[in-house]
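Below is one structure, written out as structure tokens; the observations come after it.
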Amino acid sequence: MSKINDELLYSESHEWVKVDGNIAIIGVSDFAQEEMGDITYVDVPAEGDSVTKGEDFGALESVKASSELYSPVSGEVVAVNEELEDKPELINEDPYGAWIIKVEMSDKGELESLLSAAAYAEIAK
Amino acid sequence: MDNQLKITCLHGEHLALGAKMSPFAGFDMPIQYSSITEEHNAVRHQVGMFDVSHMGEIFVNGPQAEAFVNHIFTNDVRPMEPGQILYGMMLYPDGGTVDDLLVYKEYAPDAFLLVVNAANIEKDYEWILKNAEGFEVGILNDSDNWGQLAVQGPASEEVVAKVLGMDLSGLAFYHFVDSELYGKRAIVSRTGYTGEDGFEIYATPEAIVDLWKTFLAAGVVPCGLGCRDTLRFEAGLPLYGDELTPEISPVMAGFSMFCKLDKDEFIGKDALVKQKTEGVAKKLVGIEIADRAIPRAGYPVVLDDGTQVGVVTTGYHSISLDKSICFALIDAAYAPLGTKLNIQIRHKVFPGETVKKRFYQTNYKK
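Those sequence lines, one after another, are chains Z and X.
The first sequence begins at 1 in this note's numbering and counts up one residue at a time.
The second sequence begins at 126 in this note's numbering and counts up one residue at a time.
See the structure below:
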């Protein structure tokens, strides 16, 4: 049974969002990292790139498969977790600590369509 | 789970170990038990075991068995000694690959065992039957009555010898001995698909389940199909369906050494001779890129100006070599070693160059 952090919002494609003012901090859920297995590479956008809700912004690679990352919000990438470049396994070890990107949201209203922890628990099975 | 999926005799063992299961070649098979990396390293440095009971066993015998196998098989079985094994392919007349397989020359006279890929058992059996017309041979697809276990890695000889109570030090690579388990025939073969020394044991399903448990208790690491693919890939070995297909001949894939064009005839020979003399439009190459991004099957191989010249067939960030490498089928003009080529991975293009396909130095028993 995968862990779910009650304080976060979730997308149906298994990304989590932590809201800090106008900034969305984005990572992937424990369920997603378990499904992937050992993550060996994280493909991320550059600071300043724009991302669009529902469109892919990067990917996680395990030995066997790659899995695209879909942005839960639209906006501009203001930070990228550079630690993941050398230590992609941090996502396996601490999925809710290992954020991937921070996005300055262009439309905070998009958050309303994301799932609560309780609703996400229903699909992360 | 798909109701159409078949299971092997070891299915219950996989579930009991909590393996991540997935459909492969029509069977519900274990992909990994712990992690692909751990299992991969167990085989490279210690010893691991694979359930390969899904593979097919087709027996050919009769006065014309040798002539018939030589007719459908690219390698030459005539000089084989009893107990010897040869790798090769069955081809369509146009040179496309029906399957790649092992041929065992039995100790009994006029008899061969053909070990074929699980996904191709029915297709191969029909192909063999169809082409046996006019040959005095008996053909038996006995796949359902055999289980198969591959024990692979540098420590495999020690543990297999101990568990089976046999001295295997004199058994050379690509040779086998007959044995008996529970009063039924068993075959112990020094073969594998990992680039390491290893054994493949064929026996009744009951015996295979017992052997699995014994090897597990002896500390042999259970390994899934995930690392089977990473291991064979690093060793430069093809997977039917990816590197050999009805569209990819052994000449295109660079496996001409398993095709004896000096034989009088075999199905597909004329096409291969033509490919050898006139050249082929596409060739299978290795490509290494200077990045941790992973070239996956289906990704385009492109020139600097964006022109696509090929496609990746298998690729990984290699566990043993810590490099991002792949097999790719590309326009033959770009095949020479050291050719600069790029691979498009999602929205980005990564520079690389062609390298030898045997990425990893294999450690077979001489």
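Just so it is clear, CB atoms sit at the ideal spot from N, CA and C, and this is done for glycine as well.
Query raised in the report: With 8 Å set as the bound, which would you pick, yes or no: does the beta-carbon of Z/Val28 sit closer than that to a beta-carbon of chain X?
Result: Closer than 8 Å: no.
Requested in this report: Give the straight-line distance between the Cα atoms of Z/Ser106 and Z/Asp30, rounded to the nearest whole angstrom.
Outcome: If you take the alpha carbons of Z/Ser106 and Z/Asp30, they lie about 27 Å apart.
Report task. Give the secondary structure of X/Ala457 by DSSP, where H, G and I count as helix, E and B as strand, and everything else as coil. Result -> Of the three classes helix, strand and coil, the one that applies to X/Ala457 here is helix, per DSSP.
Query raised in the report: Does any residue of chain X bring its CB to less than 8 Å from the CB of Z/Ala59?
Result: For Z/Ala59, the nearest beta carbon of chain X is closer than 8 Å to its own beta carbon.
Query raised in the report: Does DSSP classify X/Gly351 as helix, strand or coil?
Result: Looking at X/Gly351 - three-state DSSP - the assignment turns out to be helix.
Query raised in the report: Are there three or more Cβ pairs, one per stretch, closer than 8 Å when the stretch 365-377 of chain X is compared with the stretch 435-455 of chain X?
Result: Cβ pair count under 8 Å is three or more, so yes.
**Report entry** For X/Gln277 and X/Gly134, the rounded distance between their alpha carbons
**Finding:** According to the sequence displayed, residue 134 of chain X carries Cys and not Gly. Distance between X/Cys134 and X/Gln277, taken at the CA atoms: about 20 Å.
Requested in this report: Using a threshold of 8 Å, state whether the C-beta atoms of X/Glu182 and X/Tyr327 are closer than that.
Outcome: Taking 8 Å as the Cβ cut-off, X/Glu182 and X/Tyr327 qualify as a contacting pair.
Query raised in the report: From the beta carbon of Z/Lys64, is the nearest beta carbon of chain X less than 8 Å away?
Result: Yes, contact with chain X.
Report task. Would you kindly report the start and end of the unbroken beta strand (DSSP E) that includes X/Asn488? Result -> From DSSP, X/Asn488 is part of no beta strand (DSSP E); its letter is neither H nor E.
Report task. Could you tell me whether the Cβ atoms of X/Asn488 and X/Gly320 are closer together than 8 Å? Result -> Contact flag set, yes.
Report task. Would you mind reading off the limits of the alpha helix (DSSP H) that contains Z/Val37? Result -> Looking at the sequence shown, residue 37 of chain Z is not Val but Gly. Run containing Z/Gly37: none; DSSP gives neither H nor E here.
Query raised in the report: Can you tell me whether X/Arg353 is buried or exposed, with buried defined as 16 or more other CB within 10 angstroms of its CB?
Result: Buried is the call here.
Report task. Within 10 angstroms of the Cβ of X/Ile253, are there 16 or more other Cβ atoms? Answer buried if so, exposed if not. Result -> With 16 or more other Cβ atoms within 10 Å, it is buried.
Report task. Give a yes or no on whether the C-beta atoms belonging to Z/Ile126 and Z/Ile123 are separated by under 8 Å. Result -> Any property of residue 126 of chain Z remains undetermined from this structure, which presents chain Z solely from 1 to 125.
Query raised in the report: Cα-Cα, which of X/Thr329, X/Val172, X/Gly263 is closest to X/Gly284?
Result: The amino acid at residue 284 of chain X is misidentified as Gly; the sequence shows Val. With distances taken between Cα atoms, X/Val284 lies closest to X/Val172.
Query - Closest residue to Z/Pro72 among Z/Leu84, Z/Ala118, Z/Ser50, Z/Asp86 (Cα-Cα distance) - result: Selected option, being the one with the closest Cα: Z/Ser50.
Report task. Sort X/Gln469, X/Gly366, X/Gly477 by Cα distance to X/Asp225 and report the nearest one. Result -> Closest by alpha carbon: X/Gly366.
Query - Backbone secondary structure at Z/Lys64 - three-state DSSP - result: Of the three classes helix, strand and coil, the one that applies to Z/Lys64 here is coil, per DSSP.
Requested in this report: Find the nearest neighbour of Z/Asp20 within the set Z/Lys125, Z/Pro88, Z/Asp43, Z/Val78, judged by alpha-carbon distance.
Outcome: Residue nearest to Z/Asp20 within the set Z/Lys125, Z/Pro88, Z/Asp43, Z/Val78 is Z/Val78 (criterion: CA-CA distance).
Report task. Report the partner residues of X/Leu428 according to the DSSP bridge assignment. Result -> As DSSP reads the structure, X/Leu428 sits in no beta bridge.
Query raised in the report: What residues of chain Z sit near X/Ala418, judged by a beta carbon separation below 8 Å?
Result: Think of a sphere of 8 Å around the beta carbon of X/Ala418: the chain Z residues whose beta carbon falls inside it are Tyr41, Asp43, Glu61, in chain order.
Query raised in the report: Does the Cβ of Z/Pro95 have 16 or more other Cβ atoms within 10 Å, making it buried, or fewer, making it exposed?
Result: Buried.
Query raised in the report: X/Asp386: buried (16+ other C-beta within 10 angstroms of its C-beta) or exposed?
Result: One detail in the question is off: residue 386 of chain X reads as Leu in this sequence, not Asp. It counts as exposed.
**Report entry** Contact set for X/Thr479: own chain, Cβ-Cβ below 6 Å, skip 5 residues either direction
**Finding:** Cβ within range, chain order: Val410, Ile412, Leu462, Thr464.
Report task. Please classify X/Tyr229: does DSSP put it in a helix, a strand, or coil? Result -> Strand, per DSSP.
Report task. Have a look at X/Lys482 and X/Ala243 and give me their C-alpha separation to the nearest angstrom. Result -> Across the structure, X/Lys482 and X/Ala243 are spaced so that their CA atoms are roughly 24 Å apart.
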